[in-house]
Amino acid sequence: MIKKPIPFRRLAPNMITSGSILCGVMSLVLIFHGHAVPAVWLIFVAAFFDLMDGKVARSLGGDSAFGMEFDSLADIVSFGVVPGLIFYVSYLYAFGGVLGALVISFYVLCGALRLARFNVVHSSGNFQGLPIPAAGLFLVSFVISGIALPPSTAAIIATTTGALMISSISYGNIKQLSKNNINVLRLLFLISCIVTISIFLRDKSALAYTSIYVFSGPIGIDWGKWLSLKGEEVADNR
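Here is the structure:
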């Protein structure tokens, strides 16, 4: 019996998700060869793929349970394991031997729990706990910023980031914003702020952007709601 070919509308988003996994694997290879900065930039490319796969799936009507599970597997690789290893090699390698490895293991475990919870109890609206892509980008942003972190400080940062992922803190959902529900004036203001930060902070700008989002949850800033046209929570259905 000849099986029907997979429809393009279902294949396309999963191909994009595959790009995220490939970026994570290539980043892992680069960090083992001592190329930390290129490894970090590949994580940012993976984040772009992660942003686009859901948008493509929704636009083509290709949402599926397989796509959601595949996306989670990609996330644990590209934003859990690989950023954890980059952070470990850059800051925690000399932190008490096994202790540094335990810190990063805790971060990765929290990321896995965060993804499992998202898949099981996922509902539309804001994220419960820090999303793992934001957590991974936050950690690797320290590397390209050129900031020298003491091992103890790095351990606190990694542990706290992991704890935020499994917390019940609400984080704004910006992935569902589109031309139909976004406040253009606020978007232009945000873009001008991003350009200004990039000019003045340069290498540290990525750390500034990710830090703003990481801290937005605990202090109660909902970026998705702020950027939406009606000031309402936006839903994430993938």
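27 is the number of the first residue of the sequence shown in our numbering; add one for each residue after it. Note that beta-carbon positions come from the ideal geometry of N, C-alpha and C, so glycine has one too. None of the values given here were measured: they were computed from a predicted structure.
Taking Cβ positions, are residue i and residue j nearer each other than 8 Å?
i, j, result
"leucine 8", "isoleucine 69", "With the chain covering only 27 through 264, there is no way to say anything about residue 8."
"valine 134", "glycine 50", "no"
"proline 177", "glycine 126", "yes"
"aspartate 229", "glycine 137", "no"
"valine 192", "glycine 250", "In the sequence under discussion, the amino acid at residue 192 is isoleucine, which differs from the valine named in the question. No, the Cβ-Cβ distance between isoleucine 192 and glycine 250 is not below 8 Å."
"phenylalanine 241", "valine 166", "no"
"threonine 43", "aspartate 89", "no"
"alanine 180", "leucine 118", "yes"
Expressed to the nearest angstrom, what Euclidean distance is found between the alpha-carbon atoms of residue i and residue j?
i, j, result
"methionine 252", "isoleucine 200", "Note on identity: in this sequence residue 252 is tryptophan, with methionine being the wrong assignment. Going from the Cα of tryptophan 252 to the Cα of isoleucine 200 covers about 10 Å."
"valine 221", "alanine 83", "30 Å"
"histidine 209", "methionine 52", "Reading off the sequence, residue 209 comes out as asparagine, not histidine. Going from the Cα of asparagine 209 to the Cα of methionine 52 covers about 37 Å."
"glycine 198", "asparagine 207", "15 Å"
"valine 169", "leucine 233", "9 Å"
"phenylalanine 74", "alanine 184", "23 Å"
"isoleucine 245", "phenylalanine 153", "15 Å"
"phenylalanine 121", "leucine 86", "48 Å"
"glycine 151", "phenylalanine 215", "24 Å"
"leucine 190", "alanine 38", "32 Å"
"serine 231", "valine 63", "15 Å"
"aspartate 248", "proline 157", "14 Å"
"alanine 142", "glycine 188", "14 Å"
"phenylalanine 132", "valine 115", "16 Å"
"leucine 77", "isoleucine 47", "13 Å"
Does residue i pass the burial test, meaning 16 or more other C-beta atoms within 10 Å, or should it be called exposed?
i, result
"asparagine 145", "exposed"
"glycine 123", "exposed"
"proline 109", "buried"
"valine 66", "buried"
So the alpha helix (DSSP H) residue i belongs to, where does it begin and stop?
i, result
"tyrosine 133", "124–147"
"aspartate 76", "62–86"
"lysine 251", "249–253"
"aspartate 229", "From DSSP, aspartate 229 is part of no alpha helix (DSSP H); its letter is neither H nor E."
So, at 6 Å on beta carbons, what are the nonlocal neighbours of residue i in its own chain, with the 5 sequence-adjacent residues on each side left out?
i, result
"glycine 243", "Ile195 and Tyr197"
"leucine 54", "Val108"
"leucine 56", "Pro64 and Ala65"
Which same chain residues, not among the five before or five after residue i, have their C-beta less than 8 Å away from its C-beta?
i, result
"phenylalanine 226", "none"
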